[in-house]
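S.K.:
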Amino acid sequence: MLYLVATPIGNLEDITLRALKVLKSVEILACEDTRNTQKLLNHYEITGKKLISYHEHNEEKTSEKIISYLEEGREVALVTDAGMPCISDPGYILVEKIKKAGLPITTLPGANAGLTALVASGIESYNYTFYGFLPRKSKDLKLKLEEILKMNTTSILYESPYRVKNLVEEISKISPTRKISVARELTKMFEQIETSSAEEILEMLGNKIKEKGEFVVIISPNKDEKSEEVNVDELVELIYQKVQSGVKKSEAIKNIAKEFGINKKEVYSLYHEKYD
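For the sequence shown, full-length UniProt numbering begins at 1 and goes up steadily by one.
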């Protein structure tokens, strides 16, 4: 069995009892950085584990090694330095290979920086899209931000302390009054979450907001006139057409709600009034 284990994103107490149980019971731990994992194990006095390195530069080769362990009947836990494996962290290649091999796999949920920042941001969380880290090249970054800022859903981004000011500056150039939130040092002693317009957040960076620690940037949905003038009857009809074509009602409602940036419960209520 392969266990995908979420680890704390800052505060070491943010780990589940089930995660600790698995870390104690498995023989092998595949780690993004064995040194960081060892600190976690030391904190909880977990000893006698075989630690192997599994990171973005050796995923292909180490995935095969892990699969061989699993085929021998040995249990392996995959952990990253912080948060959920596969979410802007290594893991996808291994999971894909294990699925193809037909081997057992399970996920232990836990801390996630993006969602932690989102729920504390004060920005609507009914519909959101996770982007992780954006392109580093200036031209590619601008193009991606122009696309994101047109979206009718909340957007979640990750950024390093060295590039966060440039990111917010680019957002401010395109949409200076857009409501955004920046969060740093989540769950740690100096946790900071600030929500304001892009131009005001830009002024805070380097002053009120120190450019230290990993950042999560939350961008509020596009609320221009076009996105606000949604014809309710047309929405309901779109859902009905999808259902008639064979799409599950729940799936059709979820997709329409996300596309138009409307609360899923509200869309369901509108559909229910007319067709259920």
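Beta carbons are placed, not taken as given, at the ideal position from N, Cα and C, and that holds for glycine.
(1) Measure the alpha-carbon distance for I123 versus S220 and round it to whole angstroms.
(2) Rounding to the nearest angstrom, what Cα-Cα distance links R35 and L94 in this structure?
(3) Please classify N58: is it buried, with 16 or more other beta-carbons within 10 angstroms of its beta-carbon, or exposed?
(4) On the DSSP letters alone, give me the boundaries of the beta strand (DSSP E) that E13 sits inside.
(5) Do you know offhand how far K210's Cα is from E266's?
(6) Do K39 and I52 have their C-beta atoms within less than 9 angstroms of each other?
(7) Look up L78 in the DSSP assignment and give the residues it is bridged to.
(8) Quick test of the definition: if touching needs 3 or more C-beta pairs under 8 angstroms, does the segment 183-191 touch the segment 113-123?
(9) When the Cα of K142 is compared with those of E169, L270 and K61, which residue comes out closest?
(10) Quick one: is Y3 buried, meaning 16 or more other Cβ sit within 10 Å of its Cβ, or exposed?
(11) Buried or exposed: which applies to E79, given that a residue is buried once 16 or more other Cβ atoms fall within 10 Å of its Cβ?
(12) Give a yes or no on whether the C-beta atoms belonging to N207 and M151 are separated by under 9 angstroms.
(13) Return yes when the Cβ of I218 is within less than 9 angstroms of the Cβ of I239, no when it is not.
(14) Terminal residues of the continuous alpha helix (DSSP H) containing G132?
(15) Measuring alpha carbon to alpha carbon, tell me which of P90, V76, E45 and A120 ends up nearest L103.
(16) According to DSSP, residue 277 sits in a beta bridge with which residue or residues?
(17) Cβ atoms of T47 and L108: under 9 angstroms apart, would you say?
(18) On the three-state DSSP scale, how would you describe S181?
(19) Since A201 contacts E194 with CB under 8 angstroms, what's their CB separation in whole angstroms?
(20) Buried or exposed, going by whether 16 or more other CB atoms sit within 10 Å of the CB of N231?
M.R.: Quick look at the numbers:
(1) 6 angstroms
(2) 21 angstroms
(3) exposed
(4) It is not in any beta strand (DSSP E) - E13 carries neither H nor E in the DSSP assignment.
(5) 39 angstroms
(6) no
(7) L4 and A30
(8) yes
(9) E169
(10) buried
(11) Looking at the sequence shown, residue 79 is not Glu but Val. Counting Cβ neighbours within 10 Å, V79 comes out buried, since at least 16 surround it.
(12) no
(13) no
(14) Per DSSP, G132 belongs to no alpha helix (DSSP H); it is in the beta strand (DSSP E), Y128 to F133.
(15) V76
(16) A query on residue 277 cannot be resolved here, the shown segment of the chain reaching from 1 to 276 and no further.
(17) no
(18) strand
(19) As written in the sequence, residue 201 is Ile, which differs from the Ala given in the question. Sure, about 6 angstroms apart at Cβ, within 8 angstroms.
(20) exposed
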